[in-house]
Amino acid sequence: MRSRHLRHGFTLIELMIAMAVLAILAAVALPAFFESIARASRGEMQAALLEDAGYMQHYYASHDAFMDTPPPRLPAARTPRTGAASYAIAVSVPAGDPTSFVLTARRTGSMSTDACGDFTLDSLGRRGLAPGTAAAGRDVATCWR
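Going by the working numbering, the first residue of the sequence shown is number 1131, and it counts up by one from there.
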């Protein structure tokens, strides 16, 4: 009578194949996951820029200029409003033209290496990217969505 050898557990080859499959899945899924997090941060920042632009229009109605005493204090000077900042938002008013402004959202913290760069929004509602901050292949249409 022959004795049967019952196999218990996995062989080393089976474990190595399972680890390779997991590594491939992680290599594909992690970049997409981090890009979706970055897209959410950009969306929150863009909403804050639009809120600040509305505030600046209200400020202009009260002061007849975008810069006066006291200077404007943006309601959303950073995003997110609590926790570690991803973007710092500042307003600039050209010295020769107090009837216009440019809001700039500069990357900080976890977004400091974002390929879209720094975002701008001016008093005419024109959306843009700060010159020299976006990676090659990134433009206003792909970043401002």
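Idealized CB from N, CA, C, for every residue including glycine.
Owing to the predicted nature of the structure, the values given are computational and were not obtained by experimental measurement.
* For Gly1258, which three-state DSSP category applies? -> The answer is strand: DSSP assigns Gly1258 an E or B state.
* To do: Using the Cα positions of Ser1242 and Ala1168, report the straight-line distance between them to the nearest angstrom.
  => Taking the straight line from one Cα to the other gives about 11 Å.
* Asked: In whole angstroms, what is the alpha-carbon distance linking Phe1249 and Ala1220?
  -> Approximately 11 Å, taken between the alpha carbons.
* List the endpoints of the continuous alpha helix (DSSP H) containing Leu1179. => Unbroken alpha helix (DSSP H) run through Leu1179: 1142-1193.
* Asked: When the Cβ atoms of the segment 1195-1208 are set against those of the segment 1143-1153, are three or more pairs found closer than 8 Å?
  -> Output reads no: the segment 1143-1153 does not touch the segment 1195-1208.
* Own chain partners of Arg1208 with C-beta closer than 7 Å, once the 5 adjacent residues on each side are dropped -> When the five nearest sequence neighbours on each side are left out, the beta carbons in the same chain lying within less than 7 Å of the beta carbon of Arg1208 are those of Ala1215, Tyr1217, Ala1218, Ile1219, in order along the chain.
* Asked: Is the beta carbon of Leu1179 less than 8 Å from the beta carbon of Ala1235?
  -> Yes, the pair counts as a contact, with Cβ atoms nearer than the cut-off.
* Identify every run of the beta strand (DSSP E) within the segment 1208-1262, keeping only runs that are complete inside it and at least 3 residues long; order them along the chain. => Complete beta strand (DSSP E) runs here, min 3: 1217-1222, 1232-1237, 1249-1252, 1257-1259.
* To do: Ignore the nearest five residues each way along the sequence and tell me which others in Thr1238's own chain have a CB closer than 6 Å to its CB.
  => Only Ala1215, Ala1218 meet the Cβ criterion.
* Give every residue of the same chain whose Cβ lies closer than 7 Å to the Cβ of Cys1246, excluding the five residues on either side of it in the sequence, and list them in chain order. => A distance below 7 Å between beta-carbons, with the five flanking residues on each side excluded, links Cys1246 to the following residues of its chain, in chain order: Arg1172, Leu1259, Ala1264, Arg1268, Cys1273.
* To do: Assuming Pro1205 and Tyr1185 form a contact by the criterion Cβ under 8 Å, report the distance between their Cβ atoms to the nearest whole angstrom.
  => Indeed, because the Cβ distance is near 5 Å, the residues count as touching under 8 Å.
* Consult DSSP for Ala1271 and reduce its assignment to one of helix, strand or coil. => Helix.
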